[in-house]
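Novice: Numbering (the UniProt record's numbering), first residue to last: 1 to 311. No residue lacks a Cβ here, since even glycine has one placed at the ideal position from N, Cα and C. All values reported here derive from a predicted model rather than from experimental measurement.
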């Protein structure tokens, strides 16, 4: 028995858990930054559960996209993410119902909650999608069928799209298209890296998956930057970037994207070649991924807050 490998296993498991925890915590840091930058205005209380929902949906997009990199997602991880997605969306919808009815959340009735969902709220789409994800996982775990992993990415993508194109983007004809493409590209980029942290094992695993991910991420980042720039130009004037809360949050989000692009450049010049030559250990790759995921988390948190902040 290789005792060294046995000791490394738990260490790497802790690294993986720490990476996901850091990314999740960073999303709330980004949301908190949004409240500070947009004060006295800012996102509503629904942004808290929406942050949980987005984190889960983004991870689902990544888990469902893993076969493109030659990897297989864990059905347990998919199930946990699907359940977290459902809970986050349900709580957000409940809080929104309370806000619309002028009642405390504890005073909202089930009928009012259902009426909110029936009114064409995007939460209805995401709740149905999350239920389907959990249902498919149950089917897979019982061995009755093997749903394609892409179905999880598709369902999560539908939820991300339904949530992102409501609100401010609807004020412009091309807005929903730009914001939808922006959100889906970001979900794939961030979610796939997070999913890789959970699934990839050993130097060989990273040497196989990371170069392929990096080449595809280049196109995702280009799409994110282009659609984000055009969408921002439609939403707010250049002079309002520092004078309004929405503009300050938007500027902070742009700075975060620039940092991520810088990390991406480093990855393509140092991380990917080092992994490709089997010179970097699994622990090193996990550390580098953790840093990138943490910055991604902050940017995603800012995005959640931005969606709930008036331009």
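#1: Given residue 159, which residues of its chain have a CB within under 6 Å of its CB, disregarding the five upstream and five downstream residues?
#2: On a CA-only basis, which of 150, 188 and 163 is nearest residue 213? Give me that one, please.
#3: With a 10 Å radius around its C-beta and 16 neighbouring C-beta atoms as the bar for buried, classify residue 1 as buried or exposed.
#4: Is DSSP giving residue 51 helix, strand or coil here?
#5: Is there contact here, the region 302-310 with the region 269-280, by at least three beta-carbon pairs under 8 Å?
#6: Roughly how many whole angstroms lie between the Cα atoms of residue 227 and residue 101?
#7: Beta-carbon separation of residue 141 and residue 75 under 8 Å?
#8: Identify every run of the alpha helix (DSSP H) within the region 122-198, keeping only runs that are complete inside it and at least 4 residues long; order them along the chain.
#9: Note down, in chain order, each residue of its chain lying with its Cβ closer than 8 Å to the Cβ of residue 224, except the 5 sequence neighbours on either side.
#10: Buried or exposed: where does residue 285 fall if 16 or more other Cβ atoms within 10 Å of its Cβ makes it buried?
#11: Thinking C-alpha only, which one of 165, 78, 31 and 83 is nearest residue 43?
#12: What residue range is occupied by the uninterrupted alpha helix (DSSP H) comprising residue 214?
#13: Check residue 118 in the structure and name its three-state DSSP category.
Specialist: So, from the listed chains and residues:
#1: 57, 126 and 129
#2: Checked all of 150, 188 and 163; the closest Cα to residue 213 is 188.
#3: Unreliable positioning characterises residue 1 in this predicted model, as indicated by a pLDDT of 38, which lies under 50. A coordinate reading is not provided.
#4: helix
#5: no
#6: 36 Å
#7: yes
#8: 122-141 and 149-164
#9: 182, 185, 186, 189 and 257
#10: buried
#11: 31
#12: 202-235
#13: helix
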